[in-house]
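Below: the structure, in C-alpha cells.
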Amino acid sequence: MHTAINWLESIFSSIPLPFLEVWGRFGYILGIFIMVAAFGGFTFRPGGRWGFGRERQAWDERAVLSIVFTFILIFVTGFLGSFIVLVPGAQTFESLKDLSVFLCIVLFGYPALIAVPFAYGLSDLIEGVPPEFLGDWVLGYFINPSCFWLAYQAIGRDPDFRKINTWRKYLLFVLVFLAIEPVLWGYLCSEQFTSEISYRNITPALLFTTGITWMIAPFAMLVAFPLAKRYGMFWAEIPGHVKELLISYKEWVWESGKGEVLKDVNRNEQGRMPIRIFLVTPFIVLVLVMVATTAYLTLTSSQNAADKLACRLHEEISEHIRLRLDNYLDRPERKNEIPNQNDINRLLWKTSITEHGRAFIINRSGMLVASSQEIIQNTEQPFPAANSGDLVIRNAVRNLNHNFGNLILLENINQFRFDIVTAKPLSRETWLTQVSPYKDSSKNVDWLLVTAMPAAYYLEGVRAGNSQSAMVFAIALTLSLLVAVILAGIVATPIQRISSASQAMASGDLSQRVPPSRLEELGALSSSFNHMAEQLQESFHRTKTSEERFRKFAENVQEVFWITTIDKKQLLYINQAYEKVWGRTCESLYADPHTWLDAIHPEDREGAKEASASQGIGVYDQEYRILRPNGEIRWIQDKGFAIQNEDGLFDKVIGVARDITEQKESEEALLASQRKFRDLVDTTPGIVWEADAVTFTFTFVSQQVENLLGYRVEEWKEPGFWANHLHPDDKEKAVEYCVSCTGRLEAHDFEYRFICKDGRVVWLHDLVKVISSDGKPEWLRGVMVDVTERKHIEEAILDLNANLERKIEVRTEELKKSNEDLVLSIQDQKRVMKELEETQGQLLLSEKLAALGQLAAGMTHELNTPLGAIVSSNRAILGILNNELKEIPDFLSGLNEDDSRRFKIILSESLTDATISESLPNRVVKKQFIQSFKFAGIKNYDNLADTVMDLGVHRLGEELTELLNTEKNLEILKAVSSLSTIVRLSNVISVATGKASHVVEALKNYLNPDDNAKEEEITSVDIISEIESILTLYHGKIKYGVEVIKNFLATDRCMGNGNKLNQVWINLLNNGLQSMNYEGKLEIRIEKQDSWIVTSFIDSGSGIADDIKDKIFEPFFTTKKHGEGIGLGLDISKKIVEKLDGKIEFESSPGRTKFSVFLRSASSSI
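Structural data, given as C-alpha cells:
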C-alpha cells in the first residue's frame, strides 16, 4: 500500500508545481460549477438524454428516510474507516465513507446529496478533525458530493453493473472524477499546508484512496441496488418522486416510476407532504438547532478556557525559569564569569516544559544561548537561532523576527502562535509561544526567554470533547428521529385510517368504519367520521334508488341524454345511446369530457364551442357533424338548457342529442338532384330558354348564353332584347315567322343571324315549342344552337366546288389545245420536246387537279354526314324539351325519399353509359331481367326490360330489380331516359361538329394557294404534319377497307418545298390504294438514315411485274385503267425529289411494294 502511494507521489513530484497549481485551480472552478448544478436542482440528462434541464424533487416520506439513511450510513462507515490508517498521521480509510456517499447519491438521489455535506462534516468531527479545518474546508464538503452527483447523472436511472452499458458510463465517470477531485482538494489544502505538500503528498494519497473506492463500488452496488429496489427506496422507481423538464420547456419530459410521465398518478396529490413528515421534520430541526447551538457554545467556551490556561501555564513556566536563572547567575563564583552554555542547557532540561514543549534563550542579536533540547554542537560560542536544527526553535525565531522586527527594542512579554507543517507524517501543528525579556541583577545579561507549547497538548481534552460532542450529537439525532417517528405514528395512524377509509368511500365502499382512538381529539374525530359514513350510506341508498329509475328511463330512449356541470368540466351522466351514435364508450367521455369537442368535425367545432359556451345563460339548439372512430360522419342536433339548484344558481346543464343524418342525406339528395338538373341544362351545348308567348320577353335562359353570345342572363330578360339583337337582314323575317307559327300553335325551327356582345355575328338554329292554354299560346320553350361553323363549312364547300369546276374546265381546255399542238408538231422531235418542257408545269397541275377530282365525291359525304347528325340531334333535343322535360321538375318534387334515391342511382348509371362506348347487351341479358322482374312481382316487365336495355343501366345487375320494385318505376325510367337522351344527343353534336371542322381545316391547308416565289422556296418541312393532312382528305376512301399503319420513327424535319412534296405524297398514296383496290394494309414509315429522312409507302397490293419495273418512271407509262391517270405521276414525283437533291427508290414483290423517298435532314443541312 505504501509502495503504491510512494509511486504516485513520485509521479506528482515529476510534474512541475505551477502546472499542478493551475490544474488544481481549474478543478476548483469546475467543481464550483458542478456544485451549483447539483445543489441547484439542475440535470444534464433530462428524460435520459444529454441536455440541460431542471429536476423537481417530491419531499415525501421516502425522501426524508433517504436523508436519515444517508446520515446513519456515513456515520457508521466513517467510524469504521477511522481505525484503518493508510497514511501515517493523516489519511485514514476514507474509501469506506466515500463508498457510502456514492451508494446513497446514486440510489437515493437529491435528498442524499443535500445530506452528505452535513453528515460528512459531522463524521469528521467524530473522527477528531479540528473544527477550524472544517471551517476552512466548508466549500469542499459541498463540492465533494457534487462530484459524486456526476455518477447519479450517468448511471442513476439504471445502476445495474450486470450490464455492459452501465460499466461504460461508470468508467467514464471515474476518469472525470479522478481528473478533478484529488487536485481540487490539493488546491483547498494549500491554505493549511504548503503547495508542495498539498499537491505532492495529499493529492496522491487522495487519488489512491478514491481509486480503492471506485474498485469496490461496482461490487457494493450489486448488493445495494437490489435491496433499494426491494424496499422501494430506489428513487427512479418511486412514482412522482422526481420529475424532469428541459430548460426551455414548460411540460415535464420525464417522471420517475416507469421511466415516463405516468397517466395514473393523481397530479393533485403530488408534492404534498405526508403528515408523519410534517410532524417529524420540525422536531428533528429543533433538535438539530438545539444540539448544534449547545455544541458551538461548549466548543467556544472550552477553546477560550484552554487559551487562558495555556497563557497562565506559559507565565508560570517562564517565571520558574527566570527564578532558576537568577539562582544560577547570582552565585558569587559566577558574578565575574561568562555563563556556561552547557550549564544553562542542563538548567532548561530540568524544567517541566521539556517533555511536551520547548524553552530556549536567545540574545538580542538572535543568537541561540541555550535550549531545553539536546544540542549536538558542544560549543561555548552561541550561533544564530534561525539556523537551529530544531524545527520548533527555527520557526519560533523566524516568526519572532517577522512579528516584532528589531529584538533590541523588545521590552515586554508577548505571546504569538505559529504552525509547523510536515509531510511525513502529514501534519500541521500549532504552537503557542511566549517571549519575555530577561536581565540579571548585575545587568550583564540581556536575553530573551522563549517558551513554546503545542496547542494539541493543552487542547487535547477539548478536541476529545469535540469528538464526543459530535458523537452525542449523532446519537441525539438518531434518538430524536426515533422518538419523533413514534410520536408521529401515534398521531398519524388514526388520521391515516380515516384517510384510507375516506378514499375507500370515494371509491364506492360506504361500509368503511374506523376504530376509536385513545387520544381525546382523535377519538371524537373517529366518532364523527363513523356517524357521517352511516348518514352518507343511507343517503347514497336513497339516491341510488332514484338514479336507477332515471337510468331505466334514459337507457330506453334512442336519443343521447346527457348532464354536465355548468362549466362543462365534469360529465355527470350520459346514456348508452351515446355509444351507438358516437361510436365511443361512455367511460372515455366520463374520463375526459373534452373528447366530446374533439369528436366534432373540424369545420363545425368552433361554432359548437361557442354555442356550448352560451348554455349557461339560456336554451341553445345547435346542429353539427361528428367523426366516428371509423371515419364515418354523422349529423347531430343538440339541444340543451341550464337548470338551477336550490340556491337559485345555475349549476348543471341538461341536454338531448339526436342523430339526424338520414334527414340531412335526404335533403342533400334532393338539392343534388336539382343541382344536377341545373348543371345538365347549363352544360348542354345549346341555349335552353323560355319566353312569354305574347311579349316575347325571356323568363329563363341557361348559363350557356354567356359562353356562346357573351350576354348575361339578366340582360336577356329585358323586354325586346332578342328582337333588338337580331341581324338587320334577318330581323323582320325571323320575327314574323316566329309570330306566325306561335299564333298557329305550331312547333317550329328556323335559322337566323344574331349579333354577339363583342360584335361578332353568329348563326343560330332555334327549335321552338309552343305551350298553350285554352287554345291560346302562353309560353315558348326552345333551344338555340350555334351553327356558325356549319354555315361557314357550307359556304366553303360551295365556293370550293365552283372553283374546282372552273379550274377543271380551264385546265381541260388547255390540255386539249396542247394535245392538238402536240399532234401537229409530232414530226419535229426537237420542237415537241421543247413544248413538252414548257407544258410540264401545266401537266403537274393537271395531275394534282385529277387527284382533287377523285377527292371531290368523298368530300361531300365527309361533310354532309356530321352536318346531318347535328340537324337530326337538334330536332330530337327539341322534341324532348317540348314533350317531356317540362314534366320532370313536378315529377321529382313528388317523389318520396326512397324513390328519390332510386332515381338518383339509375340516372347516374345512365349518364355514365351516355359518356362511354360499349357494345349492346344481348338478348340473354334481357331475358334474365324479364325473369328477374317477373319473379319480383314487378308489372310491365317486358316494357321495363326494353327500357333498361336502351338506357344501358343493365350493368347494375341484381341491384336493378330492387331499384325498380316501386309503383313509379315506368315514370322514373321515362325521366331518366329524357335526361340521358339529351346528354347523348349533345355528345353527338359535339363529335359531329369537331369532325366537320377537322375535315375543312385539312382541306383549307391543302388548297391554300401560294405565290410563285413560295412555289420554288426551299424550307424545312414537317413531313408528319403534311401526311396527316393528306390522310384526313382521304379518310372517306380508306376508312372502310384499308388499314393504315403509321410508323413514324423520326420526327426530324426535312429540306424541301411543302406544296411540291404534297404532290409526291398524294401520288404515292394513290398508287398504293389503287394497287390494293382500296382493301388491305398500307404502312407509312418515316425514319432517319445518316443525314437522310426516309419516307416509305408500303402497300399490300399485287406488286409490280418484273418486265415493267424499268419503265415505271417513264413519262406517260401507266398500267391504270382509263380515267385513273395519264402516267406522269411517278415521273413528276421523281423530278421533284431529285430537284430537292434527294432520291426515290422502290422494291416490289407479290403482296408487298415499297416506295422510299430520301430527303436531306434539316438538322444536317444547317
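Per the UniProt record's numbering, residue 1 is the first one in the sequence shown, and the count goes up by one each step.
Backbone N, C-alpha and C define an ideal beta-carbon position, used for all residues, glycine too.
Since this is a predicted model, take the numbers as computed values, not measurements.
Beyond the five residues adjoining it in sequence on each side, residue 658 comes within less than 6 angstroms, by CB distance, of 559 and 637 in the same chain, given in chain order. In the DSSP assignment, residue 722 is bridged to no other residue. The beta carbons of residue 1118 and residue 1023 sit no closer together than 7 angstroms. Inter-segment contact for the stretch 224 to 235 and the stretch 61 to 73 is present: three or more beta-carbon pairs are separated by less than 8 angstroms. Contact between the stretch 199 to 213 and the stretch 153 to 165 is absent: fewer than 3 CB-CB pairs across the two stretches fall below 8 angstroms.
Per DSSP, the continuous alpha helix (DSSP H) segment holding residue 579 begins and ends at 577 to 582. Inter-segment contact for the stretch 883 to 898 and the stretch 950 to 965 is absent: fewer than three beta-carbon pairs are separated by less than 8 angstroms. Boundaries for residue 226: no beta strand (DSSP E) harbours it, while the alpha helix (DSSP H) harbouring it runs 203 to 230, taken from the DSSP string. Secondary structure of residue 361 (DSSP, three-state): strand. In the three-state DSSP reduction, residue 744 falls in the coil class, being neither helix nor strand. At a cut-off of 3 residues, not a single continuous stretch assigned as beta strand (DSSP E) sits fully inside the stretch 13 to 42.
In the DSSP annotation of this structure, the continuous segment of the beta strand (DSSP E) that includes residue 784 starts and ends at 776 to 786. Membership of residue 1088 in the beta strand (DSSP E) is indicated by the continuous run 1080 to 1089. Its Cα nearest to that of residue 1143, the residue 1156 stands out among 1156, 1152, 666 and 543.
Straight-line spacing of the CA atoms in residue 1112 and residue 1093 works out to 23 angstroms. Judged by beta-carbon spacing, residue 693 lies within the 7 angstroms limit of residue 780, meaning their Cβ atoms are closer than that value.
Here residue 242 carries a strand assignment [DSSP, helix/strand/coil]. One thing to note: residue 878 has its Cβ no nearer than 7 angstroms to the Cβ of residue 735. If only uninterrupted alpha helix (DSSP H) runs of at least 4 residues are considered, none is enclosed by the UniProt domain "PAC" (620 to 672). In the DSSP assignment, residue 750 is bridged to 766. When only Cα atoms are considered, residue 741 and residue 696 end up about 13 angstroms apart.
About 7 angstroms separates the CB atoms of residue 901 and residue 669; that is less than 8 angstroms, so the two are in contact. For residue 57, the uninterrupted beta strand (DSSP E) run begins and ends at 53 to 57, by DSSP.
Remark: C-beta atoms of residue 870 and residue 797 do not approach each other more closely than 7 angstroms.
Straight across, the Cα-Cα distance linking residue 531 with residue 518 is about 18 angstroms. Per DSSP, reduced to three states, the secondary structure at residue 200 is helical. When C-beta atoms of the stretch 22 to 31 are compared with those of the stretch 187 to 204, three or more pairs fall below 8 angstroms, so the two segments count as touching. Residue pairing by DSSP places residue 1160 opposite 1092 in a beta bridge. If you compare the alpha carbons of 613, 147 and 126 with that of residue 36, the shortest gap goes to 147. Only buried fits residue 100, as 16 or more other CB atoms lie within 10 angstroms of its CB. The beta carbon of residue 719 lies closer than 7 angstroms to those of 695 and 697 in the same chain, with the five residues before and after it left out.
The Cβ atoms of residue 362 and residue 396 lie no closer than 7 angstroms to each other.
For the 7 angstroms CB-CB criterion, residue 710 and residue 757 form a contact.
Residue burial annotation: residue 453 is buried, with at least 16 other C-beta atoms found within 10 angstroms of its C-beta.
Inclusion of residue 773 and residue 884 in the CB contact set at 7 angstroms is not warranted, their separation being larger than that value. Close CB contacts of residue 942 within its chain, under the 7 angstroms cut and outside five residues either way in sequence, are with 930 (chain order).
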